[in-house]
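The next block holds one structure in the form of structure tokens; read it before the comments.
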Amino acid sequence: MTSAARALIWIKVKPAVSAQPWRQRELRKTMTAPDDTQTGWQDVAVRDAVAIMRHAHAAELALCDRLEEIADSLPNGLDRRNCLLTARALGPTMAKIHRFEERRIFPYFCVRLGNSAEADKTVERLKNEHLEDEGSAAELRDALRFAARHGVADNPEMLGFMLRGYFGAVRRHVAFERDHVIALLAPPGYIST
1 MTSAARALIW IKVKPAVSAQ PWRQRELRKT MTAPDDTQTG WQDVAVRDAV AIMRHAHAAE
61 LALCDRLEEI ADSLPNGLDR RNCLLTARAL GPTMAKIHRF EERRIFPYFC VRLGNSAEAD
121 KTVERLKNEH LEDEGSAAEL RDALRFAARH GVADNPEMLG FMLRGYFGAV RRHVAFERDH
181 VIALLAPPGY IST
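Right, here's the structure in full:
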């Protein structure tokens, strides 16, 4: 078969390009839906964001457990290595999770509540808590690094108070997000892996 004949067959078999580009986009969306229960890409994106957020909450709670271990070990049983590793994890872990929430989770939350004033107030409150948590995390990081370097806390009572205040606030924040934000976004019967 000559190349001209192959080209002619290709032209005849090639599907016609629609003059309506929006029809092409609709077709692509329906073809990429993972199953018949999903209506489009946004449901999949929300489901994925919720799954990521649940893993992030688990990481935050694990970090809180480490902080509680340090607080319980004060003043004499301080583990220098644990202080150093926890201090390293405090900054980047919390900042990454907060940015993810603000960029992916909160917009979905606002849309789900119809961009209401209540949703805006809730998101504003959560963003302010993020700023407070990051500020407290920076102070804690410095105190934990000092304790790791010197093998003892500069002021054990103050460090214990800072640790307990921080992980208590983070646990309340995670509980609120899990019970109100994530619960609203997760499809009924959704179980994360």
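Residue numbers (the UniProt record's numbering): 1 to 193. From the three backbone atoms N, C-alpha and C, an ideal C-beta is built for every residue, glycine too.
Just the C-alpha distance for residue i and residue j, rounded to the nearest angstrom, thanks.
| i | j | result |
| --- | --- | --- |
| R141 | E177 | 24 Å |
| N76 | R88 | 22 Å |
| W41 | R47 | Annotation note: pLDDT 47 at W41 (below 50); position unreliable, no value reported. |
| A183 | A175 | 11 Å |
| C83 | D154 | 13 Å |
| D72 | V44 | 42 Å |
| M116 | C110 | At residue 116 the sequence reads Ser, which differs from the Met that was named. Looking at the two C-alpha atoms, the distance is approximately 7 Å. |
| L185 | A119 | 13 Å |
| R103 | S136 | 22 Å |
| G165 | H130 | 14 Å |
| N128 | H98 | 11 Å |
| L74 | A95 | 27 Å |
| F161 | R112 | 38 Å |
| Y108 | V152 | 45 Å |
| A124 | A51 | Sequence check: residue 124 is Glu here, not Ala. Straight-line Cα distance between these residues: approximately 23 Å. |
| T37 | L163 | Bear in mind that the predicted position of T37 carries a pLDDT of just 42, short of 50, making it unreliable; the figure below should be weighed with that in mind. Approximately 45 Å between the Cα atoms of the pair. |
| P156 | G114 | 48 Å |
Confirm, please, whether the CB-CB distance from residue j to residue i is below 9 Å.
| i | j | result |
| --- | --- | --- |
| E81 | A148 | First, the amino acid is wrong: residue 81 is Arg here, not Glu. Yes, Cβ-Cβ distance for R81 and A148 is below 9 Å. |
| A59 | T86 | no |
| residue 271 | I105 | Nothing can be reported for residue 271: it is not among the residues displayed for the chain, which extend from 1 to 193. |
| C64 | F146 | no |
| H180 | T122 | yes |
| M53 | F100 | yes |
| H55 | L126 | no |
| G91 | A138 | yes |
| D79 | E69 | yes |
Here's the rule: buried if 16 or more other CB atoms are within 10 angstroms of the residue's CB, otherwise exposed. What is residue i?
| i | result |
| --- | --- |
| D133 | buried |
| V170 | buried |
| A5 | Any reading at A5 is ruled out, since the residue's pLDDT is 47, under 50, leaving its predicted position unreliable. |
| Q24 | Its pLDDT being 44, under 50, Q24 is placed unreliably by the model, and the measurement read from it follows with that caveat. That one is exposed. |
| H150 | exposed |
On the DSSP letters alone, give me the boundaries of the alpha helix (DSSP H) that residue i sits inside.
| i | result |
| --- | --- |
| S136 | A117 to H150 |
| I97 | R80 to F100 |
| G114 | It is not in any alpha helix (DSSP H) - G114 carries neither H nor E in the DSSP assignment. |
| H180 | First-last for H180: undefined, no H or E at that position. |
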